[in-house]
Each structure stands twice: as C-alpha cells, then as structure tokens.
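Below is one structure, written out as structure tokens, with a few remarks after it.
2 protein chains.
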Amino acid sequence: MNPQINLLCDAAWAAFPVFQSKTNAERAAFLDEIASQIEKLGDELLETASAETNLPLPRLTGERARTCGQFRMFANLIRTEGWNAETIDPADPTRTPPKPHLRRYLVPVGPVAVFGASNFPLAYSVPGGDTASALAAGCPVVVKAHPAHPKTSELCCAAITRAVEACEMPSGTFALVHGGFEEGQDLVQHPHIRAVGFTGSHSGGRALFGLASRRERPIPVYAEMGSVNPVFLFPGALEGRAAELAKGYAASLTLGVGQFCTNPGIVVALDSTDLDQFLLSLVAELDTVPAGNMLHKGIADRYVQDTAEFAAHAHLETLLAPSAAGSPALFGTTAANFLANPDIRQEVFGPAAVIVKCESLQDFEAVADVLEGQLTASIHFDKNEEAKALSLLPTLTRIAGRIVANGWPTGVEVSPAMTHGGPYPASTDTRTTSVGTHAIDRFLRPVTLQGMES
Amino acid sequence: MNPQINLLCDAAWAAFPVFQSKTNAERAAFLDEIASQIEKLGDELLETASAETNLPLPRLTGERARTCGQFRMFANLIRTEGWNAETIDPADPTRTPPKPHLRRYLVPVGPVAVFGASNFPLAYSVPGGDTASALAAGCPVVVKAHPAHPKTSELCCAAITRAVEACEMPSGTFALVHGGFEEGQDLVQHPHIRAVGFTGSHSGGRALFGLASRRERPIPVYAEMGSVNPVFLFPGALEGRAAELAKGYAASLTLGVGQFCTNPGIVVALDSTDLDQFLLSLVAELDTVPAGNMLHKGIADRYVQDTAEFAAHAHLETLLAPSAAGSPALFGTTAANFLANPDIRQEVFGPAAVIVKCESLQDFEAVADVLEGQLTASIHFDKNEEAKALSLLPTLTRIAGRIVANGWPTGVEVSPAMTHGGPYPASTDTRTTSVGTHAIDRFLRPVTLQGMES
C-alpha cells in the first residue's frame, strides 16, 4: 500500500463524520464555493487543459460552464426539502402488535474514490460529476488524477482545497493522488474507501470492479465504460432527408474528434437507394472534416490500429479510409455479417463508424438484440412510420440507458431525467446514472430509525 | 451447466419481454392471485412447513399472512401512479442548443434468481419478499428451493404456477429448481439471469456474490446474511427498569429459538449493580425458556459447537450454559476484551448472547465503532439521557441499516419506511432493503427517452 494513499484515505475517513454532520445549507454553500473557485482560475485553467488535451478553448469554456453548473445543480438539490427521500410510517399503538414509528432516509456511504477520464479534463475529471455528486451526498472524495492532464488536475485540486478551507470543511474532505494502475489498485483496496466512481476504458473499469468485489468488504464500483451507441435509420426518415441526416450524423460522429462515450459508432439502415444517397452525402461531409488532434498519443495510436484492423477485416468494406489519426473512417457490412462477427461490434474510440445494411426491418430487431449494453440507442423515423419505429423500444430499452428519437446521442443533458449509464459493458452498475441529479443516489444508502418520533 | 436449469433460465428469458409488457393492473392482479392461491393451500401448507422446519403452527400462520400481505402490498404499489419514478424534463426549444424533452422511468432488469432461507419457509423462501418484489418489478423469477423444506417449496411453486396460468402470464414467468451448491452456481452463472436475491449464511451469500462478479457480464447480488444486532442499554434505562428490560430482551433473544437474522446477540451496558440486577433477572427469565427445536440438524449441531467454543474462550465468562441445542446461552466479557477479540463479535445463530460490560459511555462508542455491518442496532435510554443516547446515532447509522429506540429488533415491519439490510457483511449491497416496498428498487433500472413527447 502506497503510504501517501494510506494517509489520504485515513484522513478522508477521519473527515467523514464531521463532513457528514454539516447541514445541507453548509454543504450546498461549499459546492457553490467550489464552482466559484474553479471560475476564479480563469484562463490559466483553460489554457493548461488545452495544452494537455489538445481540446480547443471554446470546447473547454463550455466544459467549464458544465462543470460549475453541476456543482451548483447539486447545491440546489440538497437545499431542496425531501432530497434525501425521507419517508415516515406513523406509529399505530392500536394495532396488535403495536406498529412502531419508522423514519427512513438516505445517508452517505463513506469516502469515495474517483477516477477521472481523459476526454473531459474538467466535467468527468477532478471536479467532475462523480466528485460533485459524492460531496453533495456527504462523502469525502479522493481523486486519482488522469495521467494525461496532471497540471489541470492540480489546478482544480487547489481550487477545491481553497473551498474546503473557506467553508471550514475538515481537511480530509478532498484529496488528489497521482499515479498509474498500481496507485489506483491501492486506492480501490483501501478499507476506508466505500465506493468508486470511474469513467474510462472497459479494461480499466472491469479491473477496478474485480478488485473491489474481491475486497474483504466489497464496495460498489460505478464504472462508465462507453459503448458503440447504435443509430437506427427507418426508411421514411431516409426518404427525402438523406442529405440532412448525413450532415447531422457527420457532425455527431466527429464532435470532439469522436472522443465521446456517446459517439454513434454504428448506423443500421435498409439497403436502398436512399441509403446510398445518405452514404454519398456522409462521405462528402466527412471529407470536409480535417483530422483532429486526439487527446493523447495512446488514443491516437490505438485509433490508427483499430481502423487498420477494421479495414483489413474480411467482412467489412472500407467506405472512407482515415487519412490520419483522428480523421474520420467509415466501414460497411451486412446485417448477416454483423450478427455473425462480434469483433466488428466493438467500440473504436474516435470518429469511426460501421454502416449495417439490412434486408428488412426484422434485421433491425436482430441487430439490436445482438448488441451488448449501450449508453444510448437512437432511432430516426418519419411521422407515418412511428408505430413501426416505436415497436423497437422494448428491445432498445433492454440494451440501452437512453433512447433518442430523431436526434443524436452526443450532448448529454445535465438534468433530473437524464440516464447516463446502461447495461454492462456500458457500465458496471446498470441501476444508476453518472450524469444528472440521480447521480447522487450512487453514494447514498437508506437507514431507518424506529421508535424515534421527534 | 445443469440442463434443466439451462432450460428454465432460457424460458425465463423468453417470458421476459411478454411479462414486462403486461400492464401494471395485469401484473397487480397476478400478484393478488398468487396470494389467494397460497391461502387456498390451507392447512396442508402449514402442516407441511411445520413438519419440515419444526416451526410451530401459530408462527407459520402468522408467516403465511405476512407472505400473502407482501404480494398484496406490491400489487397495491404498482397500481399506484408514479411507482416507477417517472420524471419529465420538458423541452426548451428557445435555449441554445435547444433542450430536448426527457422522460426517465424504471424498467425491470430481467430474470432474477432467488435463494430461499431456511428460517422463513414462506416469507423469505419460494413465495417470499424477493420473489414478490421481482415479479412486481416485471422480472421473471427462478427460485432455488432451500433443501430444508422441499415439500413446502413444491406446494408454493404449484400455487404460483396456478396463478401464472389463471392470469395468462407466460409460462417462463416462474420456476423452481431443487439442488445444492452446484445448482446454485449454475443458476447464478446463467447468462440470462440478471440479478440475485439471497437470504442465508455469510459463506453462501459471499460465494454467490463472488461468482456473480466474475461473470462475463457481472450482475448484482442482494444477499442478506444476518448480523449480531447489538443492543446498548444506557444507565437511566437500567435504573429501575432492569427486570422489565430483562423480560423484553429474553423474549426477543429466544423468539423462534433465536433463529432470526435480527436476533439481538450482543448487549452493551455499564458495569453496575443495575446491570447485575438485569443479568439476574435475565438468567431467571431464560431459565424458564425450554430448549426449542431448531430448524434442522445442521443448525442445531452448529449451535452446540459455537456455544461450546464461546464457553471455552479465554475472554468469555459463561453466565448461562445451554442445556441442549436450542436452549439459551449467555456469556460475559469486558469492553477491552470485546475490542481486542474479533472472534467473540461473530454471530452465533440461535438464542445466544454476549454481555459487554463497559467502564464508561466512551466504551459504548468504541464498541459500536469496532462492529462490522449490522442489520440493526438498538438503544434503550431514559428520557433524561436522550441527548447522550442520540449522540451514538452517527456511529450507529454508519454501521447499521435500522436503529431501534427503546424497543427490540426482532419483528421487521413490512412497510415503505423499512430498511432490512445494512453495511457488509449484513448484506452485499448496502444501498437496498429486502423488506418493504423499496425492495422492488433492487430489480429496476432507469431508462431515459429523449425527444419522445407523446
């Protein structure tokens, strides 16, 4: 066990009862102060993040607003009466046996370990949704910084630490550690850590999940690991709107160089002249998109390797070869081949897509059914084929956390009705969301007080 | 893989979309019909259960009422608007970018495997709370019968099957399998099983949890594994009420031959003449309790062995030696010894208790803090020491799922504010309850529909 990690987890445990005992108003003020402190970092934060991640300043400006908005959303949530699901069953002394008074409410689970993602250096990293929701719940947080943006992480840690001091929270309320997989292992295995939030690769998330389940006292791991996010184009939508859909799809596929976990990597459509028209427009659109700088060399190298493997695959036709790392790639296959070859259903992280050409709408159902758990699934349809399109919903809700109608999956609203999660392997815990107010549920557990009416 | 289990899980999977698509009213009528069919089994059910478990008929009559009550409670729950937590964020087309319409609601996770307990052949077995809550959620259920009451299990299975037929539910909606650990393993590892409910021993629950976490697609295991349920007697309560408390405690400790998971196996009190008085009365009370027949030979043998080990323990004094399997046993120790010896903090399944004599109220806090996760913790206090007693609440809520004030933990209300669960090792999932309406949450997951306003 890394001695620094041991110290920080012990400090988080010592802080827990004090932090938990703060009023909702005090904790809300603390969350608001974190947002203000992040804003006070000014251009230095944006420039540091841009230098470390290749993400452009306008994107990071938006991400900072989202990040601060999340803290303020959770501050408002815990200021709202009833946020902790208090339920009261009144006593009934006339019953035999007498019914006791019961009060149920939610309490924080304890210190939380957070693993930031590389693709959102703010909103899913040190000051991201996992940190904001855990602190809102009353759980101290120890973040493992993503090695791809250490300076950005330090700046954010300094801002949060200033808020801890300004609001007189115990010093163990928040901590940041750097390191690799070994440090991550130590953190997840520390006996004082009671839950884990993770955004990143399948291999990383699954490894942490395994470690956490094998602990003497197992703890939950909320790993959000991405997916291929299928898009189903019904014939009525393609008829007459092929060019418009191609434009929309190209924009969603290449947004942020395709480095979103909701990136739509699979398109399912009937083999038709409308689809041909869609593909012609799509290739033309994608041709105008310059190769973007990917987040770091590891991701760029992996993209080149994955797209090369797809290009060489016996059951994939290359419709658009990537000119460089970060440039769009397009492959085609048939439904039959898609069903028979699990390897072409895997996520390629970046702006790459597989077009699945179907013989009939029955193929849509079969393709949906064979897919693993997804964060999202999208359907595009015309008004007059709505019933047909919605008949796919039972299957889609079985495989995905969010179903988008006549829209694109990139752009995740931060709001009470959002689900950002889904069946495994989209996440390790299908009962939760990592975005929106319900993200706080991950770090709470119920307690019942019996016979305490006051 | 056992071929019969494979067949039944495939049938449950085939039934899932059909069962899920039934209306709330149809599923509620099905749950009500199960309750009626169990009642129609009449005395045959009670006599069979009594013969298999040694439990007396009045107890089983009460347990049957509880069992049928649970089905009707969940029927009423899913008839209630909003039970599936529907949340709507309306669209805002004036925002930049336009805000989409979002609708979040809960859907069933898929087929559920249920492992019945030996100590409640009805209420926590084939027709128990796990089965009722999973069916209410819309999940088909495959139960592994507890080998200690196979005939009772078959009768209940026949009743549920008649309800499946009467309500025209798909035939894979419910199934029962017999067998041992190997069959249990097969069931938990079947790819079509999506969650597990379990009530029983720590070794069994932990083993199933491990199997479920190592699956290609991990699934949640809700194992409720019991605990020692500490009782803290504050000095004001003992003063003048020692005899009354001894009577109440003796009744709770020996209820059902101590074979409840909420059985209060640890008493914490100040070393005092009031405690001496309490112990005198307690021994006198327990002396009048005849040795009860335990559930089966394995449990009786284990009780004899565990109490013999306690009697031989260097740091335990025997205050009342058990005269036979199922007869009460009482041991004493000091807070210092309790803190230093983890082995005397372990659960003895049956009517055995350890009295922890403390030097000061600080010892109460230390004793509470060293305990592992508990289903319950109880505090008895006088009105004038309420503040002192309630200052223990932060520690108690950290270790237990339910805190009982001036009452005993046995007797678990089936109601919306109940928490029957707690931190590990009381359960493998501290965020849930296995009793009360919230038990349904274990078998639901959120889904968000975006852009579907109708």
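Residue numbers (the working numbering), protein chains in the order written: chain Y, 1 to 454; chain G, 455 to 908. For every residue, glycine included, the Cβ atom is placed at its ideal position computed from N, Cα and C. Here the structure is a predicted model, which is why all the values come from computation and not from measurement.
C-beta neighbour in chain Y for residue i, strict 8 Å
i	result
G/S490	no
G/V901	yes
G/P684	no
G/P718	no
G/G752	no
G/S735	no
G/S667	yes
G/E867	yes
G/G861	yes
N-terminal and C-terminal residue of the alpha helix (DSSP H) that residue i is part of
i	result
Y/S213	202 to 214
G/Y676	No alpha helix (DSSP H) contains G/Y676, which is instead part of the beta strand (DSSP E) from 675 to 678.
G/T902	From DSSP, G/T902 is part of no alpha helix (DSSP H) but of the beta strand (DSSP E) over 898 to 904.
Y/P150	150 to 166
G/K751	751 to 766
G/E826	Counting along the chain, G/E826 falls outside any alpha helix (DSSP H), and DSSP gives it neither H nor E.
G/D640	635 to 643
Y/T67	57 to 79
G/A468	457 to 474
Y/L393	393 to 399
G/A841	840 to 844
Contact with chain G by residue i, beta-carbon distance below 8 Å
i	result
Y/K247	no
Y/E63	no
Y/M452	yes
Y/F174	no
Y/V404	yes
Y/T199	no
Y/G226	no
Y/P218	yes
Y/S203	no
Y/P394	yes
Y/G210	yes
Y/G256	no
Residue range of the beta strand (DSSP E) that includes residue i
i	result
Y/Y249	Element bounds for Y/Y249: not the beta strand (DSSP E) but the alpha helix (DSSP H), 242 to 254.
Y/A335	Run containing Y/A335: none in the beta strand (DSSP E); it sits in the alpha helix (DSSP H), 335 to 340.
G/E487	Counting along the chain, G/E487 falls outside any beta strand (DSSP E), though it belongs to the alpha helix (DSSP H) covering 478 to 494.
G/E771	771 to 774
Close Cβ partners of residue i (< 6 Å) along its chain, the five nearest in sequence each way excluded
i	result
G/A893	G583, S587, T887
Y/P235	L270
G/A806	T761, A783
G/G746	V711, G780
G/T653	A571, Y578, E678
Y/F260	T410
G/D883	Y676
Nonlocal neighbours in the same chain, by C-beta distance under 8 Å from residue i, ignoring five residues either side
i	result
Y/P98	A91, D92
Beta-bridge pairing of residue i - partner residues as DSSP gives them
i	result
Y/G197	Y/V114, Y/Y222
Y/C358	Y/L270
G/F628	G/V595
Y/S378	Y/V231, Y/V404
Y/D92	Y/K99
G/S881	G/E678
Y/V367	Answer by DSSP bridge pairing: none, since Y/V367 is not bridged.
G/G440	Missing from the structure shown is residue 440 of chain G; chain G here goes from 455 to 908 and no further.
G/R558	G/T541, G/T902
G/F785	G/T772, G/V808
Residue i: contacting residues in chain A (beta-carbon distance under 7 Å)
i	result
Y/T397	Absent from the structure is chain A; the protein chains it does hold are Y and G.
Neighbourhood of residue i by C-beta distance below 7 Å, restricted to the same chain and skipping five residues each side
i	result
Y/N263	N229, L253, T410
G/S655	M679
G/P604	H632
Closer than 7 Å: residue i CB and nearest the ligand COA heavy atom
i	result
Y/A163	For the ligand COA, the structure offers nothing, since it holds no ligand at all.
Residues from the stretch 88 to 117 of chain Y in contact with chain G, defined by Cβ distance under 8 Å: I88, D89, P97, K99, P100, L102, R103, R104, V107, V109, G110
In chain order, what residues of the stretch 416 to 437 of chain Y put their CB closer than 7 Å to some CB of chain G? P416, A417, M418, T419, Y424, T428, T430, R431, T433
Cβ-based contacts, 9 Å cut-off: residues of the stretch 465 to 481 of chain G near chain Y: Under the 9 Å Cβ criterion, the stretch 465 to 481 of chain G contributes F470, P471, Q474, S475.
Of all the residues that make up the stretch 770 to 800 of chain G, which are near chain Y by a beta-carbon distance shorter than 9 Å? none
Contact residues within the stretch 810 to 836 of chain G, judged by C-beta distance below 7 Å to chain Y: none
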